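One structure is given here, and the rest of the page talks about it.
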Amino acid sequence: MTAEKKSPIISANNLSFGYGDFMLMKDISFNVNEHDIFIIMGGSGCGKSTLLHILTGLKAAAKGDIKVDGTPLKAEQAGKIPEKLMHSCGILYQSGALFSSMTLFENIAMPLQQYTDYSDKLISELVSLKLALVGLAGFEDFYPSEISGGMCKRAGLARALALDPKIVYCDEPSAGLDPISSRNLDNLFLDLNESLGTTFVIVSHELPSIFTIGSNSIYLDGETKNIIAQGNPKELLKNPPSEKVRQFLTRGEK
Amino acid sequence: MLEYQIEKSTLTLKLSGNLKDEDNENQRAAIYADAQKQKLTKICIEAEALKTWDSTLVALIYKLIKQTQGKTEIEYIRVPKHLAALINLALSVDRKPTQETPQKLPFIESVGQSTYEKWQSFKKGLNFMKENWLSFMRCIKGTAIMRKVDFLFVLEDCSYKAFGIVSLISFMVGLILAFVGAVQMQMFGVEIYVSSLVAISMTRIMGAIMAGIVMSGRTGASYAATLGTMQVNEEIDALKTMGVPVTDFLVLPRIIALMMTMPLLVMLSDFMGMLGGAMVGMFVLGFSPAEYWEYTYKALSMKNFLIGMFHGFVYGYIIAMCGCYYGIFCGRNANSVGLATTSAVVSSIVWMIVITGVLTVIFVEFGL
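From first to last, the protein sequence lines are chains A and B.
For what it's worth, numbering that gives the first Met the number 0 labels the leading residue of the first sequence as 0, then goes sequentially.
For what it's worth, numbering that gives the first Met the number 0 labels the leading residue of the second sequence as 0, then goes sequentially.
What follows is the structure, encoded as structure tokens:
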């Protein structure tokens with residue numbers, strides 16, 4: 000948990016994916032290092048969320064190899080995430096994806112009950128801790144319909160963190176949040192990255208977030224179907240490798 | 000290894016070695032209990048020899064600190080910076096829920112409130128029926144905002160696509176009726192009247208009820224789920240803000256489609272029920288097809304047939320109304336969609352039975 004050494008925790012080599020004859024990405028390769036906050040950027044429809052689904056094992060790449068925390072993801076296993084990765088990866092969906100019929104406590108306790116032999120008391124303490132970590136201490140008995148969208152996202156993050164995962168995937172976490180909530184969520188990612196050493200892989204096109212939290216990033220290009228920029232977002236802004244990337248990072252500034 | 004000691008209102012936690020998956024229930028309970036007994040002013044955490052740890056350790060420390068309601072000083076001695084950072088993070092972003100927990104009402108008040116809510120719900124239902132009537136009037140005038148393609152789509156869904164399930168259920172009901180009737184009639188030696196029993200009961204009411212129940216579970220539930228999901232996705236709000244009457248656009252096509260197709264499904268149900276009865280008559284009771292048909296034909300009357308069709312027409316309205324009503328007034332989460340679907344099916348079946356009772360009394364009073 001306290002390892003400092005930076006080594007690739009996710010490696011993707013020559014990934015290709017498409018729907019029928021339509022190719023969404025062709026031969027893309029990248030590495031995500033341990034303890035990185037890795038941002039997947041790109042215009043709408045370039046395949047950011049699809050790439051996230053491939054990395055989580057929900058979808059299979061048509062071609063290429065992926066290793067996540069030393070476990071290879073095979074095409075024939077699409078939709079069946081390997082047991083080991085279920086412990087070491089957490090996912091925060093765009094809406095939080097909390098189960099509406101369960102309280103926040105039940106939502107967060109679910110992975111703990113499923114994958115650990117912890118006593119009910121310890122599970123209860125862990126749920127309280129995870130909720131406190133995301134700023135929702137005392138909200139155990141609330142239903143998702145009783146809290147705001149931003150709080151649902153935080154609770155979704157608490158659920159993603161339930162098993163102390165090494166990697167947390169987030170699909171547009173700031174989308175739909177007000178600037179203060181968005182900033183708070185960014186700070187939370189930084190705090191958790193710092194304290195738990197969690198690696199975050201985040202799909203985002205919220206520029207303030209990208210510059211605040213991103214330690215590494217890739218830019219997916221919808222036209223070439225490939226990665227056209229890779230590196231720290233702030234560095235990319237200083238030395239953009241292409242006009243498209245510059246426009247993206249400056250919000251279309253001419 | 001986890002050791003602790005309490006001295007002069009100071010709790011010292013000594014952490015060493017591997018403290019992952021720390022789930023020693025007795026030890027944790029003992030620490031919490033001992034800490035609670037004392038009025039702690041300081042918690043001192045020493046972790047010089049701590050090698051590995053996870054959230055279970057942080058949860059323990061967090062609970063200890065929370066027990067003192069933040070009145071303690073916390074001292075970290077050689078605690079890994081990430082562990083200290085995590086504890087601080089859990090403590091720093093504390094935010095208390097502001098929502099008041101609803102108070103339980105006394106019995107009389109809760110009965111009153113429940114009755115008032117039922118009355119409001121009934122009024123909402125009547126208002127919904129009025130809205131639909133106005134939509135129908137607009138439709139007749141040609142001013143309703145209703146897409147032809149939507150109407151054809153729902154018409155297709157509740158017409159030939161429902162033939163299979165309606166046929167199967169009605170066939171089986173006819174078969175069961177004949178079997179049960181045959182047992183009784185055999186005692187009097189009049190088994191041949193099984194054909195009349197099946198023909199009269201299917202055409203008069205059973206065909207309509209079976210088609211109604213099947214369509215309520217199949218199409219009524221689908222209407223509630225579709226419109227409920229549209230409510231969750233804010234599509235219904237979008238229609239309202241565009242000035243499109245929801246009843247014109249979503250409800251009317253469904254009501255008209257189901258009121259058109261239900262009488263046809265009742266006809267099909269009548270026929271399949273009689274066919275099921277014929278199977279028992281021919282293969283179990285040993286009648287010839289001609290003999291069975293002769294007695295069936297004698298029992299058939301246009302009056303019963305039309306009454307059955309009329310019931311189907313009314314059931315179509317009830318099923319579509321219940322499905323659309325519960326779909327449109329559905330909540331904003333997945334659970335509500337499930338609840339809307341269940342309510343739509345249950346209500347439509349209950350209303351079908353109630354209306355059947357009312358219609359039966361009316362028809363009998365008029366000598367039909």
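Built from N, CA and C at the ideal position, the CB exists for glycine as well.
On a predicted model such as this, the values are computed, not experimentally measured, just so you know.
For residue i, does the three-state DSSP call read helix, strand or coil?
{"i": "Ala-161/A", "result": "coil"}
{"i": "Cys-43/B", "result": "strand"}
{"i": "Gly-41/A", "result": "strand"}
{"i": "Lys-47/A", "result": "helix"}
{"i": "Pro-288/B", "result": "helix"}
{"i": "Asn-12/A", "result": "strand"}
{"i": "Ile-65/A", "result": "strand"}
{"i": "Ala-2/A", "result": "Its pLDDT being 42, under 50, Ala-2/A is placed unreliably in this model, and the value from its coordinates should be taken loosely. Coil."}
{"i": "Met-214/B", "result": "helix"}
{"i": "Gly-16/B", "result": "strand"}
{"i": "Gly-17/A", "result": "strand"}
{"i": "Thr-295/B", "result": "helix"}
{"i": "Ala-28/B", "result": "helix"}
{"i": "Lys-253/A", "result": "coil"}
{"i": "Thr-55/A", "result": "helix"}
{"i": "Leu-72/A", "result": "coil"}
{"i": "Ala-48/B", "result": "strand"}
{"i": "Ile-36/A", "result": "strand"}
{"i": "Leu-10/B", "result": "strand"}
So with CB distances below 8 Å, who are the chain B contacts of residue i?
{"i": "Lys-120/A", "result": "Glu-24, Arg-27 and Ala-28"}
With residue i as the anchor, note down where its alpha helix (DSSP H) starts and where it stops.
{"i": "Glu-130/B", "result": "106-140"}
{"i": "Gly-276/B", "result": "251-282"}
{"i": "Val-172/B", "result": "162-185"}
{"i": "Val-244/A", "result": "242-248"}
{"i": "Glu-124/A", "result": "119-132"}
{"i": "Leu-367/B", "result": "Here Leu-367/B belongs to no alpha helix (DSSP H), and DSSP marks it neither H nor E."}
{"i": "Tyr-75/B", "result": "Where Tyr-75/B is concerned, there is no enclosing alpha helix (DSSP H), although the beta strand (DSSP E) it sits in stretches over 72-76."}
{"i": "Gln-230/B", "result": "220-231"}
{"i": "Lys-103/B", "result": "Where Lys-103/B is concerned, there is no enclosing alpha helix (DSSP H), given that its DSSP letter is neither H nor E."}
{"i": "Tyr-159/B", "result": "Careful: Tyr-159/B lies outside any alpha helix (DSSP H) and carries neither H nor E."}
{"i": "Gln-66/B", "result": "54-66"}
{"i": "Asp-236/B", "result": "234-240"}
{"i": "Val-243/B", "result": "Careful: Val-243/B lies outside any alpha helix (DSSP H) and carries neither H nor E."}
{"i": "Ser-91/B", "result": "80-91"}
{"i": "Ala-198/B", "result": "193-200"}
If we count the other Cβ atoms within 10 Å of its Cβ and call it buried at 16 or more, is residue i buried or exposed?
{"i": "Glu-252/A", "result": "exposed"}
{"i": "Met-214/B", "result": "buried"}
{"i": "Asn-131/B", "result": "buried"}
{"i": "Tyr-296/B", "result": "exposed"}
{"i": "Tyr-263/A", "result": "What is shown of chain A runs 0 to 253, which leaves residue 263/A out entirely."}
{"i": "Met-186/B", "result": "exposed"}
{"i": "Asn-13/A", "result": "exposed"}
{"i": "Phe-16/A", "result": "buried"}
{"i": "Glu-2/B", "result": "exposed"}
{"i": "Gly-366/B", "result": "exposed"}
{"i": "Asn-126/B", "result": "exposed"}
{"i": "Phe-282/B", "result": "exposed"}
What are the boundary residues of the beta strand (DSSP E) that includes residue i?
{"i": "Lys-79/A", "result": "Neither: Lys-79/A is in no beta strand (DSSP E) and is coded neither H nor E."}
{"i": "Ile-5/B", "result": "1-6"}
{"i": "Phe-21/A", "result": "21-32"}
Show which residues of chain A have a CB atom less than 7 Å away from the CB atom of residue i.
{"i": "Ser-54/B", "result": "Leu-125, Leu-128 and Asp-163"}
{"i": "Leu-88/B", "result": "Leu-132, Asp-190 and Ser-194"}
For residue i, return the contacting residues in chain B, with the cut-off set at a CB-CB distance below 9 Å.
{"i": "Pro-143/A", "result": "Asn-332"}
Run down chain A in chain order and give the residues with a C-beta less than 9 Å from the C-beta of residue i.
{"i": "Lys-62/B", "result": "Glu-124, Ser-127 and Leu-128"}
For residue i, which residues in chain B fall below 7 Å Cβ to Cβ?
{"i": "Gly-196/A", "result": "His-81"}
{"i": "Ser-99/A", "result": "Asn-332, Ala-333 and Asn-334"}
{"i": "Tyr-117/A", "result": "Asp-22"}
Which residues in chain A sit within 8 Å of residue i, going by Cβ to Cβ distance?
{"i": "Val-57/B", "result": "Leu-128"}
{"i": "Ala-84/B", "result": "Asp-190, Glu-193 and Ser-194"}
In chain order, which beta strand (DSSP E) runs of at least 3 residues are fully inside the region 152-239 of chain A? For secondary structure counted as the beta strand (DSSP E) over 3 or more consecutive residues, the region 152-239 of chain A holds these complete runs in sequence order: 166-170, 198-202, 215-220 and 225-229.
Taking only runs of the beta strand (DSSP E) that begin and end inside the region 86-115 of chain A, which ones reach a length of at least 3 residues, in chain order? Counting only runs of 3+ residues, the beta strand (DSSP E) found wholly inside the region 86-115 of chain A occupies 88-91, in chain order.
Where are the alpha helix (DSSP H) runs, 4 residues long or more, that stay fully inside the region 314-349 of chain B, in chain order? Taking only runs of at least 4 residues, no alpha helix (DSSP H) segment lies wholly in the region 314-349 of chain B.
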